[in-house]
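Structure, as structure tokens:
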Amino acid sequence: MQDKVAIITGAGGALGRATALRLGADGFAIGALGRASADLAETAAQLEAEGFPVRMLEVDLRDSDAIEAAVAGTERDFGPVGALINNAAIYPSTPFLEIPLAEYDDVVTVNQRGYFYAAQVAARGMVARRSGAIVNVGSITWHGGWSNLASYVSTKGAAVALTRALARELGEHGIRVNAVSPGAFPTKAEEIQGDAAEYSAHVIEHQALKRRGSDAELAAVVSFLVGPDSSFVTGQTINVDGGWIME
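Numbering of the sequence shown is given in the working numbering, commencing with residue 7 and proceeding in unit increments.
Structure, rendered in structure tokens:
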């Protein structure tokens, strides 16, 4: 990468924080983007404690102006953004027949339009420099569907489709676009699944690898996708799920 500056959305979450710490260790200055929260502040504090350059960006992905300001602010502080990791997502658990249209619209705004617009804003600068990498975080749920998560699942499928469309269109400008689809990592998202021990057993039963994954293992794949070792990889989706989904 020519520009060692990365923006990570949803940086207050477990996977976002692990990715921020890994990319910081890789030598990136980090724009840690997320809704104002103690979790986002903790991510920034951990990066600072490690001596990694960080700008904490309190941004709601529903606000397109705030996305533009976050990218511009990061570039003022650190220089051109060379990597964008679209990670933030919301995941209300509601039976399909009961999902209010307002709830669906909200999920699409954050998980789909937010990814689209963050990529568009970041890619404008990348095109001018003919260099950059975008990683969209999907989910293995889009492969087989999960009950009570129709809004979330549909947006994660859209993230993979967006990845392929952008890889095709932006490749001529030297920009690579890939996706990672995490499996069931032990994060706060699992609270919607009910009993933690029972769900963990369910996950391990379905995985080829009979253990739970760690946040750092997902971050390592993102690190690969924004780093020089993946210089000829674009338009791909890597499942990081212990072998739950194989295709």
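For each residue, glycine too, the CB sits at the ideal point set by N, CA and C.
(message) Below 8 Å, how does it come out for the region 43-51 and the region 229-246: are there three or more Cβ pairs, yes or no?
(response) The region 43-51 is not in contact with the region 229-246.
(request) Report back the beta-carbon spacing between Ile181 and Val133 to the nearest angstrom; my notes put them in contact at under 8 Å. (result) Here residue 181 corresponds to residue number 175 of the sequence shown, with the count starting at 1. Here residue 133 corresponds to residue number 127 of the sequence shown, with the count starting at 1. Contact flag correct, Cβ pair sits at about 7 Å.
(request) Give the C-beta separation of Leu21 and Pro188 to the nearest angstrom, bearing in mind that I take them to be a contact with Cβ-Cβ under 8 Å. (result) Taking the first residue of the sequence shown as 1, we reach residue 21 at position 15. Taking the first residue of the sequence shown as 1, we reach residue 188 at position 182. Separation of the CB atoms of Leu21 and Pro188 is rounded to 7 Å, and the pair is thereby assigned contact status at 8 Å.
(message) Does Pro234 come out as helix, strand or coil in the three-state DSSP assignment?
(response) Taking the sequence shown and counting its residues from 1, the one referred to as residue 234 is at position 228. Of the three classes helix, strand and coil, the one that applies to Pro234 here is helix, per DSSP.
(message) Rounding to the nearest angstrom, what Cα-Cα distance links Gly144 and Arg82 in this structure?
(response) By one-based count along the sequence shown, residue 144 stands at place 138. By one-based count along the sequence shown, residue 82 stands at place 76. Spanning the two alpha carbons is a distance of roughly 29 Å.
(request) Within the same chain, show all residues whose beta-carbon is closer than 7 Å to that of Phe102, passing over the 5 residues directly before and after it, in chain order. (result) Indexing the sequence shown from 1 puts residue 102 at position 96. For Phe102, the CB contacts under 7 Å within the same chain, skipping 5 residues up- and downstream, are Ala156 in chain order.
(message) With H, G and I counted as helix, E and B as strand and the rest as coil, what does DSSP make of Arg182?
(response) In the sequence shown, residue 182 corresponds to position 176, counting from 1. Looking at Arg182 - three-state DSSP - the assignment turns out to be strand.
(message) Rounded to whole angstroms, what is the Cα-Cα separation between Gly79 and Ser237?
(response) By one-based count along the sequence shown, residue 79 stands at place 73. By one-based count along the sequence shown, residue 237 stands at place 231. Those two C-alpha atoms are separated by around 27 Å.
(request) Give the DSSP-derived three-state secondary structure of Glu56 in the structure shown. (result) Indexing the sequence shown from 1 puts residue 56 at position 50. Here DSSP, grouped into helix, strand and coil, assigns Glu56 to coil.
(message) For a test of the three-state rule: what should DSSP assign to Arg130, helix, strand or coil?
(response) Working through the sequence shown from its first residue, we reach residue 130 at position 124. In the three-state scheme derived from DSSP, where H, G and I count as helix and E and B as strand, Arg130 is classed as helix.
(message) Once the 5 residues before and after Asn117 are set aside, which same chain residues still bring their CB inside 6 Å of it?
(response) The residue given as residue 117 occupies position 111 in the sequence shown. For Asn117, where only same-chain residues beyond five positions count, the Cβ hits under 6 Å are Ala95 and Thr161.
(request) For the beta strand (DSSP E) holding Ile36, just list the boundary residues, first then last. (result) Position 30 of the sequence shown holds residue 36. If you look at Ile36, you'll find it in the beta strand (DSSP E) that goes Ala35 to Gly40.
(request) Check whether the region 136-153 touches the region 67-79, taking contact to mean three or more Cβ pairs, one atom from each stretch, closer than 8 Å. (result) No: the two stretches stay apart, fewer than three of their Cβ pairs being nearer than 8 Å.
(message) To the nearest angstrom, how far is the alpha carbon of Gly151 from that of Val60?
(response) Working through the sequence shown from its first residue, we reach residue 151 at position 145. Working through the sequence shown from its first residue, we reach residue 60 at position 54. Pairing Gly151 with Val60, the inter-Cα distance amounts to about 36 Å.
(request) Return yes when the Cβ of Leu39 is within less than 8 Å of the Cβ of Val65, no when it is not. (result) Here residue 65 refers to the residue found at position 59 of the sequence shown. Here residue 39 refers to the residue found at position 33 of the sequence shown. Less than 8 Å divides the Cβ of Val65 from the Cβ of Leu39.
(request) Could you have a look at Ile73 and say whether DSSP puts it in helix, strand or coil? (result) The residue given as residue 73 occupies position 67 in the sequence shown. Here Ile73 carries a helix assignment [DSSP, helix/strand/coil].
(message) Please return the same chain residues whose Cβ sits closer than 6 Å to the Cβ of Tyr123, not counting the five positions on each side in sequence.
(response) Position 117 of the sequence shown, counted from the start, is the residue given in the question as residue 123. Here the set comprises Ser70 and Ile73.
(request) Flag this pair as yes or no: are the beta carbons of Leu53 and Thr15 separated by less than 8 Å? (result) Looking up residue 53 in the sequence shown gives position 47. Looking up residue 15 in the sequence shown gives position 9. In terms of Cβ geometry, Leu53 and Thr15 do not form a close pair [threshold 8 Å].
(message) According to DSSP, is Ala171 part of a helix, a strand, or is it coil?
(response) As a first step, residue 171 is located in the sequence shown; it is residue number 165 there, counting from the start. The three-state reading of DSSP puts Ala171 in helix, counting H, G and I together.
(message) Tell me the residue span of the alpha helix (DSSP H) that contains Gly22.
(response) Position 16 of the sequence shown, counting from 1, holds the residue named residue 22. Its alpha helix (DSSP H) spans residues Ala20 to Ala31.
(request) Output the residue ranges of the beta strand (DSSP E) runs that lie fully inside the region 92-128 and measure 3 residues or longer, sorted by chain position. (result) Taking only runs of at least 3 residues, no beta strand (DSSP E) segment lies wholly in the region 92-128.
(request) With a cut-off of 8 Å on the beta carbons, I'd call Ala222 and Arg28 a contact; round off their distance for me. (result) Here residue 222 is taken as the residue at index 216 of the sequence shown, counted from 1. Here residue 28 is taken as the residue at index 22 of the sequence shown, counted from 1. Ala222 to Arg28, Cβ: 7 Å. Contact.
(message) Please list the terminal residues of the continuous beta strand (DSSP E) segment that includes Val239.
(response) The count along the sequence shown starts at 1 and reaches residue 239 at position 233. It is not in any beta strand (DSSP E) - Val239 carries neither H nor E in the DSSP assignment.
(request) Could you work out which residue in Ala203, Gln242 and Leu172 is closest to Leu228 when comparing CA atoms only? (result) Translated into positions along the sequence shown, residue 228 becomes position 222. The residue asked about is misnamed: residue 228 is Val in this sequence, not Leu. Ranked by Cα distance from Val228, the options Ala203, Gln242 and Leu172 are led by Gln242.
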